[in-house]
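**Student:** Residue numbers (the numbering used here): 642 to 886.
Every residue gets a Cβ at the ideal spot worked out from N, C-alpha and C, and that includes glycine.
(1) Thinking C-alpha only, which one of 704, 776, 782, 725 is nearest residue 672?
(2) Please state the DSSP three-state secondary structure of residue 645.
(3) When the Cα atoms are used, what is the spatial distance from residue 684 to residue 703?
(4) Reducing DSSP to helix, strand and coil, say where residue 673 ends up.
(5) Distance, Cα to Cα, residue 751 vs residue 689?
(6) Round the Cβ separation of residue 629 and residue 758 to the nearest angstrom and send it over; I've been treating them as touching at under 8 Å.
(7) Rounded to whole angstroms, what's the CA-CA distance from residue 794 to residue 654? Just pull it up for me.
(8) Quick one: measure Cβ to Cβ for residue 729 and residue 801, integer angstroms, because I've assumed they're closer than 8 Å.
(9) What residue range is occupied by the uninterrupted beta strand (DSSP E) comprising residue 797?
(10) What's the gap between the Cα of residue 732 and the Cα of residue 663?
(11) Starting from residue 742, trace the alpha helix (DSSP H) in both directions and tell me its first and last residue.
(12) What does the alpha-carbon distance come out to for the pair residue 804 and residue 780?
(13) Where residue 949 and residue 817 are concerned, what is the direct C-alpha to C-alpha distance, given to the nearest angstrom?
(14) Whose C-alpha, out of 710, 709, 667, 792, is nearest the C-alpha of residue 772?
(15) Kindly indicate which three-state DSSP category residue 656 falls into: helix, strand or coil?
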């Protein structure tokens, strides 16, 4: 459903009617699940075009989604992967969505306003999002993409739990208990503590003891002295300099 053109049709002269029809498909926790609900209802009505027209849906886009689904089923069959269904429990589907989009997670900042958990970029819920029907704004969401207009709007948003972000994206997030006395604080998604950089070799040399520094100096002096000593059959550095004079 994400790889096809938008399936909702909103004619200007019937905007209010089409908006009301769209709201009937809303799954309040997720725009992704809203699209899944649309497809399931279309399937339940025998993939009829007239049903799409009556509900302000693009039949062409839904047929394309059906083709993509068939291709994915072929791939699953070729790889001999088991097919499982979550039934009426859509939390496993939200977890799967979180696993796919954890790097595009955002946390609440204000009413309808979020910031990307990794970059700090401000982003907003679009007024057409199903999440507006929740009655409250989720603390954490993941989104499909950003659409830049007057603001940066998140397109296709799903509410997620902070624990899921830490589980799916441990390289970006960790869970910490919120402040508040007996450890019952609300968990939050937080960037992991950066690793301490290794001390450069030059910096390590600066911490050597005076005795070690003196020993190193004597060693280097001895190397230079030996290089200047002439040996039988071979002139040293000093001999070559003398002959040049």
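**Tutor:** Let's see:
(1) Here the question's residue 672 lines up with position 31 in the chain shown. Looking at the Cα atoms, 782 is the closest of the given residues.
(2) Looking up residue 645 in the chain shown gives position 4. Three-state DSSP puts residue 645 in coil, outside helix and strand.
(3) To locate residue 684, count along the chain shown from 1; it is residue 43. To locate residue 703, count along the chain shown from 1; it is residue 62. A direct Cα-Cα distance of roughly 10 Å separates residue 684 from residue 703.
(4) As a working mapping, residue 673 is identified with position 32 in the chain shown. Residue 673: helix per DSSP, three-state reduction.
(5) Looking up residue 751 in the chain shown gives position 110. Looking up residue 689 in the chain shown gives position 48. Near 42 Å, if we compare the C-alpha coordinates of residue 689 and residue 751.
(6) The question about residue 629 has no answer, for the chain in this structure spans 642 to 886.
(7) Residue mapping note: residue 794 aligns to position 153 of the chain shown, counting from 1. Residue mapping note: residue 654 aligns to position 13 of the chain shown, counting from 1. Taking the Cα positions, residue 794 is about 25 Å away from residue 654.
(8) Counting from 1 along the chain shown, the entry for residue 729 is found at position 88. Counting from 1 along the chain shown, the entry for residue 801 is found at position 160. Contact doesn't hold; Cβ gap of about 20 Å is too wide.
(9) Looking up residue 797 in the chain shown gives position 156. Counting along the chain, the beta strand (DSSP E) containing residue 797 begins and ends at 793 to 800.
(10) The sequence position of residue 732 within the chain shown is 91, counting from 1. The sequence position of residue 663 within the chain shown is 22, counting from 1. Residue 732 and residue 663: Cα-Cα distance of roughly 22 Å.
(11) Position 101 of the chain shown, counting from 1, holds the residue named residue 742. Residues 732 to 742.
(12) Reading the chain shown from its first residue, position 163 is the one you call residue 804. Reading the chain shown from its first residue, position 139 is the one you call residue 780. Looking at the two C-alpha atoms, the distance is approximately 12 Å.
(13) The requested residue 949 is not part of the displayed model; the chain covers only 642 to 886.
(14) Taking the chain shown and counting its residues from 1, one reaches residue 772 at position 131. Closest option to residue 772, Cα to Cα, is 667.
(15) Against the chain shown, residue 656 aligns to sequence position 15. Residue 656 falls in the helix class under three-state DSSP.
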